[in-house]
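Shown next, in structure tokens, is the structure this report addresses.
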Ligand SMILES: [Zn+2]
Ligand SMILES: [Zn+2]
């Protein structure tokens, strides 16, 4: 099979051998920064103390607050004149999170990005329309450099201006677009409303990322634009995009484990979760020179998808992002993520758009109650039908979250509608 | 003297020898496009027919309308798979003007851009804040790649958000900024209003372009930001920025004549103007592979600055852009540009902000009348003082535009003020 670089098809053994060598190397590099010099010394970590990959867990985690506390350059391992790029998170409060890159770091990033795009079939002959913001946000320049590495005709279209985007897409026979999922839906609807058949466009691939989205959203994008849509995962702390990417199997995103160590941990205990269970993704840069980051708590919830991918790559796959670790609920000692509940509910065709998770306390015991709206046509008089539905929802939720919730079926529009964002979780344990 | 590449300091002879070789070469390349194949054949032009540099004038000019008529790719000399970038003018009407680049074209563009920045002292140690839009506009990515070539720490800040720009500038000790003149004035005023002394910033160089502006604006930017501000000239049809750039003498912009042939012609007759006279800049790409453009009518008015530059470079200098060819007036067979008149008027400290150029016809002869507001403190009772001022303005205008205008001195606020943009030229010849 054609591949962008050899590491793309390394065996597990090759990956893990390289990971250990690179982990020792990056820890040595990290110790050249003021922050890690202190942090690693306190933890008794030095390259030679790392005997196996499992020893990565001896390294203390790094948080967003750590990065903020080191603003502007406390994690840099090299003098500023060696740095050639800076990106920063927009951030809503406090100091932004800042990432510095050397030329080597940029080259590696472009290579990883090119590998992602190549994996889903992007080639030199393609016309690549980059419909995302450039600037400090890593999404735009990240894919721009990846496409340049592949030799695509890159159109730095930037975001917005649907009419112009469509004109470019038609007139230059764009074959690949990078687009955020919410705009892809909007754009697809605009295309449909324009009366033009998506099949007349040359577009065949959409690269979608930067926003959590559901499988339903992906399918809708694929229908509206008549494309294959591939999920992209990244964060500026790990370069930007190019961290994990779906292959053509569309069965999870391969994390490039020659460049990163990925762990999934319980956000509460920081212990690894069992194979296939949901937890917080923790990432280590293995090759970054200017600003290595060790065991970064991404706050993103996902799980490793067990088993081998049919594509033949051995880099492990993560599931789409299932939410933020901050949203985690702990009920009877079990971690529950609202997104898990939502996914189960939405798999029932009878279920409407609104639901609510209510935490209750009864006889000193925490309980979880799920109130869910049923579509009008399914809210029938026959109680047996409704009781059967209630039972099926309860069982499926129990299978997923491992405790048995109480499920209330509510008629359509029966739940309070908040202005704007719905309040999905109500904690009534204190009252 | 340190230079970015040897061509920067070529002698006139070296420049002109290379120009002839490259002109023949680029004409041969251009003929591979459908548009020039036809156009050049009709004009009887082939590489071997070009015996001297003066023969460039035998080549028909290319206009923006030509580019539009060839939308989307009629000027391309190579199949699309050889193209790696597309930029487009935003344009207000009709099809956009589209430029395609091969990887070689991008490399050359980045080299020229790096040469410009290096010329004014930008070095690897600099922190470069790129305060301009990325995307289809060539300004952002143009300087981005130039800075990358030099190894600067590039901060792709993008436009707007003054508070964040200032925070970045302070926290990362930005030394070089790319900023459009109008925003530089706004930004400088915001800095002053914040109570911070510009001298406390590390900023030492501002690269300003993309908008015509006066010497007064440049001086104001230099004062407000405590920097040296260097003028940049470019247009997407000639790659983007990197066509002409000021050296530290700040006495006109060196056109990189190893990469372009620059001519200044009478917009009406297309004949070359006399040395030092104002006319329309006509440009030919000498090295572009994917989409050469021959004798492009930029519509920009400027003049060659006579004589050698004190910096020792032999690439000829153009003056700042003095307006658009479309604004040209023809009076008694003489071309007059409103911006010329404005520059003369504004050199008198007695002159206020408002003026008007009125075209009149008297006994079948065209006349030009210049009405100019005089500041309140200078509009004195003593008619001798005013008559003396009137005479001095008349003489200086005559020296510049070569015909003698009538000059009316008007008291402050004595001229009509239009909403928004002032109407500078009134043609009353028909009435
Ligand atoms: Zn796969
Ligand atoms: Zn000079």
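Residue numbers (my numbering), protein chains in the order written: chain V, -1 to 429; chain D, -1 to 429.
C-beta: ideal position from N, C-alpha, C; glycine also.
Here the stretch 373 to 381 of chain V does not lie against the stretch 334 to 344 of chain V, with fewer than 3 beta-carbon pairs under 8 Å apart. Around the beta carbon of residue 147 of chain V, 16 or more other beta carbons sit within 10 angstroms, so the residue counts as buried.
Of all residues, those with a beta-carbon under 6 Å from at least one heavy atom of ligand 2 are D:245, D:247, D:252, D:307, D:309, D:311, reported in chain order. In this structure, residue 179 of chain V places its C-beta atom within 8 Å of the C-beta atom of residue 211 of chain V. For residue 81 of chain V, the chain D residues whose Cβ falls inside 7 Å of its Cβ are 151, in order along the chain.
Within its own chain, the residues whose Cβ lies closer than 8 Å to the Cβ of residue 152 of chain D, once the five positions on either side in sequence are excluded, are 126, 128, 142, 145, 146, listed in chain order. Closest option to residue 259 of chain D, judged by alpha-carbon separation, among D:196, D:294, D:266: D:294.
Straight-line measurement puts the Cα of residue 391 of chain V at about 12 Å from the Cα of residue 399 of chain V.
For the C-beta of residue 155 of chain D, the chain V residues within less than 7 Å are, from N- to C-terminus, 133, 134. Classified as buried, residue 103 of chain D has 16 or more neighbouring CB atoms from the shown chains inside 10 Å of its CB. Just so you know, the alpha carbons of residue 350 of chain V and residue 370 of chain V end up roughly 8 Å apart. At a cut-off of 8 Å between beta-carbon atoms, residue 169 of chain V makes contact with chain D. Your pair residue 218 of chain D and residue 189 of chain D does not check out as a contact, with CB atoms roughly 13 Å apart and the cut at 8 Å. Contiguous beta strand (DSSP E) elements confined to the stretch 177 to 260 of chain V occur at 203 to 206, 226 to 233, 238 to 244, 251 to 253, taking only those with 3 or more residues. Linking residue 203 of chain D to residue 107 of chain D through their CA atoms gives a straight-line distance of about 21 Å. Residue 58 of chain D is positioned such that its CB atom lies no closer than 8 Å to that of residue 22 of chain D.
A direct Cα-to-Cα measurement between residue 205 of chain V and residue 228 of chain V gives close to 5 Å.
Here DSSP, grouped into helix, strand and coil, assigns residue 47 of chain D to helix. Fully enclosed beta strand (DSSP E) runs of no fewer than 3 residues occupy 81 to 86 of the stretch 54 to 95 of chain V, in order along the chain. Residue 250 of chain D sits close to residue 315 of chain D, with the two beta carbons spaced by under 8 Å. Residue environment for residue 278 of chain D: buried (at least 16 other C-beta atoms within 10 angstroms of its C-beta). Chain order gives the chain V residues near residue 123 of chain D as 79, where near means a beta carbon separation below 7 Å. If only uninterrupted beta strand (DSSP E) runs of at least 3 residues are considered, those enclosed by the stretch 96 to 134 of chain D are 96 to 100, 125 to 128. For residue 318 of chain D, there is no enclosing beta strand (DSSP E), since its DSSP letter is neither H nor E. Minimum Cα-Cα distance from residue 280 of chain D among the listed residues D:299, D:287, D:192, D:344 corresponds to D:299. Listed by position along chain V, the residues whose Cβ is nearer than 9 Å to that of residue 238 of chain D form an empty set, because the closest Cβ is around 12 Å away. The DSSP-derived three-state label of residue 325 of chain D is helix. The beta-carbon of residue 201 of chain D is placed no less than 8 Å from the nearest beta-carbon of chain V. Exposed is the label assigned to residue 77 of chain D, since fewer than 16 other Cβ atoms lie within 10 Å of its Cβ. Taking a C-beta cut-off of 9 Å against chain V, none of the residues of the stretch 334 to 347 of chain D qualify. The CB of residue 139 of chain V comes closer than 7 Å to the CB of 154 in chain D, given here in chain order. DSSP, read as helix, strand or coil, puts residue 296 of chain D in strand. Under the three-pair Cβ rule at 8 Å, the stretch 153 to 171 of chain V does not count as touching the stretch 110 to 123 of chain D.
Judged by their CB atoms, residue 368 of chain V and residue 387 of chain V are not nearer to each other than the 8 Å cut-off. In this structure residue 132 of chain D does not touch residue 99 of chain V by the C-beta definition: roughly 17 Å separates them, more than the 8 Å allowed.
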